[in-house]
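Before any comments, here is the structure.
Protein chains: 2
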Amino acid sequence: MGVEKKLTDQKREDIIVAATEEFKTHGFRATSMDQIATTAQVSKRTVYNHFENKVVLFQAITRELFDKATQVSEHPYDPNVPVKEQLRAIAEQEMAMLTSEDFLALARVITSESLSSPELTKVNFDEFQESGIGVVKWIGQAAKDGKLRISDPVYAGRQFLSLIEGAAFWPQLFSYKPIPTEAEQREIIDSSIDMFLKTYST
Amino acid sequence: MGVEKKLTDQKREDIIVAATEEFKTHGFRATSMDQIATTAQVSKRTVYNHFENKVVLFQAITRELFDKATQVSEHPYDPNVPVKEQLRAIAEQEMAMLTSEDFLALARVITSESLSSPELTKVNFDEFQESGIGVVKWIGQAAKDGKLRISDPVYAGRQFLSLIEGAAFWPQLFSYKPIPTEAEQREIIDSSIDMFLKTYST
DNA sequence: CGTAAACTACACTGAGCAGTTTACTTTTAT
DNA sequence: ATAAAAGTAAACTGCTCAGTGTAGTTTACG
Chain A
1068 MGVEKKLTDQ
1078 KREDIIVAAT
1088 EEFKTHGFRA
1098 TSMDQIATTA
1108 QVSKRTVYNH
1118 FENKVVLFQA
1128 ITRELFDKAT
1138 QVSEHPYDPN
1148 VPVKEQLRAI
1158 AEQEMAMLTS
1168 EDFLALARVI
1178 TSESLSSPEL
1188 TKVNFDEFQE
1198 SGIGVVKWIG
1208 QAAKDGKLRI
1218 SDPVYAGRQF
1228 LSLIEGAAFW
1238 PQLFSYKPIP
1248 TEAEQREIID
1258 SSIDMFLKTY
1268 ST
Chain Y
1068 MGVEKKLTDQ
1078 KREDIIVAAT
1088 EEFKTHGFRA
1098 TSMDQIATTA
1108 QVSKRTVYNH
1118 FENKVVLFQA
1128 ITRELFDKAT
1138 QVSEHPYDPN
1148 VPVKEQLRAI
1158 AEQEMAMLTS
1168 EDFLALARVI
1178 TSESLSSPEL
1188 TKVNFDEFQE
1198 SGIGVVKWIG
1208 QAAKDGKLRI
1218 SDPVYAGRQF
1228 LSLIEGAAFW
1238 PQLFSYKPIP
1248 TEAEQREIID
1258 SSIDMFLKTY
1268 ST
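Same order as they appear, the protein sequences are chains A and Y. So in my numbering, the last spot in the first sequence is 1269, and the numbers never skip. So in my numbering, the last spot in the second sequence is 1269, and the numbers never skip.
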């Protein structure tokens, strides 16, 4: 005992797992509560006992995915560590997030619904955007320290992230390209840093 | 006479205009045939007289948008023109496409539906992907001519497009950021070329 | 002018689905 | 052991929507 969950907790878990899968593959509208109940091997009524309605269930799931998938990305600038090394640490963290199954799942669920019902996904979406802020701050500090020649840290940060996302995120999100291997990820990171520093390094 | 269309052609046009608007703002599933008929000020039966069913109508519209929005982008390499100049021409053409309202509309419609019903948008999507091929060919030829130091033209092409898309496409697609002004577009193109050539120029 | 084609309003079928109700069974906690 | 809490199956309400059928009107055209 202690390990086995109570039945009700297990059922709740089953519902979440099933709903995540359904929402991930079909989106919000195209997923029915009956389907979720069937997949979870739970009666429809039980679904409603745990989650008030479909929207609540959906938001609970995107919230869970969001918390699992996104990290607070603070990157304090350290004048005693080489710029290249710090940039690599930032890139690796970003890469880890972009290539996690959870993050991709979240992105799929959210993008599929953001057009037809923006309010449904608005909260997550806004929080999403902030993920890039850490890099921008770091770039600003590195520039102030004289290590980078940068006039617009926000734009430069976007460029750096674009290089990574363009290779390791957008293709995976839409055309179901496989997530890059460790080796490929390293190459992407190296080439992005290389390009970035060839332009901005002092 | 000659200018006014026959009634039936006018009705068809009205339906297409209305359906385009509805699909653009609500997506495929969330748009009803009744709504389209109402907006077009046409009886529902007339919609069905012109288009067999909802899927056919949807595909006719995405096809039309696709043809309006995408250009065949062939970029033959010319050894007598400076690399930078040629690269700018490529970037400008790409930028023109990415920032056109038609292209953005198409991208929104397709992305919102590609997840929940891939087969519905598959054709357009595949054609989409090919837009980058022209750049890749050009890069390969420029490299062969000794003007660029590039081992992987496909990857380098992706990098170049990523820089442009990351500033002028993805933000507009998802967060309804305004389309960059002419001046901003020029800056994006300049900085992308600059970064690209700082890395790959011989 | 007269007829065929196209359009209209509107009722209707059948399906899907969110959410509820009911009557009953199983699990859990005291 | 037993009563409350949680689960089950299945029928049901009420709504939306794709697509059809019909009977009557308007438009195009020889």
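Ideal Cβ positions, reconstructed from N, Cα and C, are used throughout, including at glycine.
Counting only the same chain and skipping the five closest in sequence on each side, list residues whose C-beta sits under 7 Å from that of residue i.
| i | result |
| --- | --- |
| V1070/A | Per-residue confidence for V1070/A stands at a pLDDT of 43, beneath the threshold of 50, marking its modelled position as unreliable; the derived number appears in the next sentence. No residues qualify anywhere along the chain. |
| M1278/A | Lying outside 1068 to 1269, the shown extent of chain A, residue 1278/A is not represented and no answer is given. |
| M1068/A | At M1068/A the pLDDT is 38, less than 50, meaning the model places this residue with poor confidence; the figure from the coordinates comes in the next sentence. Around M1068/A: no qualifying Cβ. |
| E1180/A | G1094, F1095, L1187 and T1188 |
| E1202/A | What sits at residue 1202/A in the sequence shown is Val, not Glu. Only H1142, I1157, G1224, F1227 and L1228 meet the Cβ criterion. |
| F1192/Y | I1177 and S1181 |
| T1098/Y | E1089 and F1090 |
| V1123/A | none |
| P1185/Y | none |
| A1250/A | none |
Once you ignore the five residues that flank residue i on each side, which residues in its own chain have a CB closer than 6 Å to its CB?
| i | result |
| --- | --- |
| Y1144/Y | W1205, Q1208 and A1209 |
| T1087/Y | I1128 |
| A1085/A | I1103, T1106 and A1107 |
| P1220/Y | V1203, I1206 and G1207 |
| F1125/A | F1095 |
| K1244/Y | P1238 |
Which residue or residues does DSSP assign as beta-bridge partners of residue i?
| i | result |
| --- | --- |
| S1181/Y | None, per the DSSP bridge assignment. |
| L1215/A | S1268/A |
Could you give the C-beta distance for residue i and residue j, rounded to a whole number, given that I count them as a contact under 8 Å?
| i | j | result |
| --- | --- | --- |
| S1183/Y | G1094/A | 4 Å |
| L1240/A | R1155/A | Actually they are not in contact, since the Cβ atoms of L1240/A and R1155/A sit about 24 Å apart, beyond 8 Å. |
| I1231/Y | A1172/Y | No, I1231/Y and A1172/Y are not in contact; Cβ-Cβ is about 19 Å, not under 8 Å. |
| E1194/Y | F1133/Y | 7 Å |
| T1166/A | Q1252/A | 7 Å |
| S1198/Y | S1140/Y | 6 Å |
| P1247/Y | I1255/Y | 6 Å |
| Q1077/A | S1242/Y | Not quite, the Cβ-Cβ distance comes to about 39 Å (not below 8 Å), so this is no contact. |
| D1169/Y | K1135/Y | 5 Å |
Can you list, in chain order, the residues of its chain whose CB lies under 8 Å from that of residue i, leaving out five sequence neighbours each side?
| i | result |
| --- | --- |
| D1081/A | A1107, Q1108 and V1109 |
| V1150/A | A1209, K1214, L1215, L1264 and S1268 |
| R1079/A | H1117 |
| M1262/Y | L1230 |
| Q1153/A | H1142, Y1144, D1145, W1205 and A1209 |
| V1222/Y | The identity of residue 1222/Y in the sequence shown is Tyr, whereas the question assumes Val. The answer is none, since no qualifying residue turns up. |
| I1083/Y | A1127, I1128 and E1131 |
| E1092/Y | Reading off the sequence, residue 1092/Y comes out as Thr, not Glu. The answer is none, since no qualifying residue turns up. |
Worksheet item: Do the segment 1249 to 1269 of chain A and the segment 1209 to 1220 of chain A make contact, defined as three or more Cβ pairs closer than 8 Å?
Response: Yes, the segment 1249 to 1269 of chain A is in contact with the segment 1209 to 1220 of chain A.
Item to complete: Specify whether the segment 1230 to 1245 of chain Y and the segment 1161 to 1173 of chain Y touch according to this definition: at least 3 beta carbon pairs, one from each stretch, less than 8 Å apart.
Response: Touching, per the Cβ criterion.
Discussion item. So if I threshold CB-CB distances at 7 Å, which residues from the segment 1078 to 1112 of chain Y count as touching chain A?
Written reply: The segment 1078 to 1112 of chain Y vs chain A, Cβ under 7 Å: H1093, G1094, R1096 and A1097.
Worksheet entry | chain Y contacts from the segment 1216 to 1240 of chain A (Cβ-Cβ distance under 8 Å) | Residues passing the 8 Å Cβ filter: Y1222, R1225, Q1226, L1228, S1229, L1230, E1232, G1233, A1234 and W1237.
Fill in: Contacting positions in the segment 1159 to 1187 of chain A - beta carbon closer than 7 Å to chain Y
Taking 7 Å as the Cβ-Cβ cut-off against chain Y, the residues of the segment 1159 to 1187 of chain A that qualify are R1175, T1178, S1179, S1181, L1182 and S1183.
Worksheet item: the segment 1134 to 1149 of chain A: which residues have C-beta closer than 8 Å to a C-beta of chain Y, in chain order?
Response: Taking 8 Å as the Cβ-Cβ cut-off against chain Y, none of the residues of the segment 1134 to 1149 of chain A qualify.
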